[in-house]
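The block underneath contains the structure these notes are about, expressed in structure tokens.
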Amino acid sequence: MDDFQKILDVNLPFVKQLLNRNGEFYPLAAAINLDGEVEQILLEEDEDFDMPTSVTVIGELKKELRWRKLQLNAIAIFYDVKAGGKDAIAVDVEHKIEKQYLTFYYQYKLDDQGIEILESWKSLKSVEIFD
66 MDDFQKILDV NLPFVKQLLN RNGEFYPLAA AINLDGEVEQ ILLEEDEDFD
116 MPTSVTVIGE LKKELRWRKL QLNAIAIFYD VKAGGKDAIA VDVEHKIEKQ
166 YLTFYYQYKL DDQGIEILES WKSLKSVEIF D
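Residue numbers (this note's numbering): 66 to 196.
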């Protein structure tokens, strides 16, 4: 769980910043490499997809993570969802060694004061990367 916390500590502030500035964000991914360091997972720019959907971006991030899974111990994909009828940040996480596969949800409210996390919870998910 420490690896998940490292990824969250690095990336949640960035996601909140994107939401404050833009009101939304494209999905993004991060990982813990074999040295225990947080690594951002970047995709090549594709001129055919000027404005890809979030589903497309998540699919491409999953492909990249599967391709690199032997070099990683943990992964996380951050994306914007509706949960319980409210906006939420969802974070799919998987850990190769600890065999943990979860989705964290951070329900939020965005107004003139900025972003406020209202509630958070986690649920089990199926393995997609480290299978």
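Glycine included, every Cβ here is placed at the ideal spot set by N, Cα and C.
Proximity of residue i and residue j at Cβ, strictly below 8 Å
| i | j | result |
| --- | --- | --- |
| A155 | I72 | no |
| L130 | I194 | yes |
| F169 | K187 | yes |
| L126 | L99 | no |
| F69 | A139 | yes |
| L137 | K161 | yes |
Nearest-angstrom Cα separation, counted from residue j out to residue i
| i | j | result |
| --- | --- | --- |
| P159 | R86 | Before going on, a small fix: residue 159 reads as Glu here, not Pro. In a straight line, the C-alpha of E159 is about 29 Å away from that of R86. |
| L134 | L189 | The question names Leu, but residue 134 is Lys in the sequence shown. The alpha-carbon atoms of K134 and L189 are separated by roughly 20 Å. |
| K128 | Y166 | 17 Å |
| I123 | D176 | 27 Å |
| A95 | F79 | 12 Å |
| T121 | E110 | 13 Å |
| N76 | G150 | 24 Å |
| Q178 | L84 | 12 Å |
| E102 | D74 | 12 Å |
| Q172 | K164 | 26 Å |
| K174 | S185 | 12 Å |
Of the listed residues the options, nearest to residue i (C-alpha basis)
| i | options | result |
| --- | --- | --- |
| V192 | D157, I106 and L183 | D157 |
| D67 | K151, I97 and Y91 | I97 |
| Q105 | F143, I162 and Q165 | F143 |
| D196 | W132, Y173 and D74 | W132 |
| T118 | G101, E89 and V103 | E89 |
| M116 | G101, P92 and Q172 | P92 |
| D145 | V75, D74 and K81 | K81 |
Complete runs of the alpha helix (DSSP H) confined to the stretch 110-190 [at least 4 residues]: 119-133
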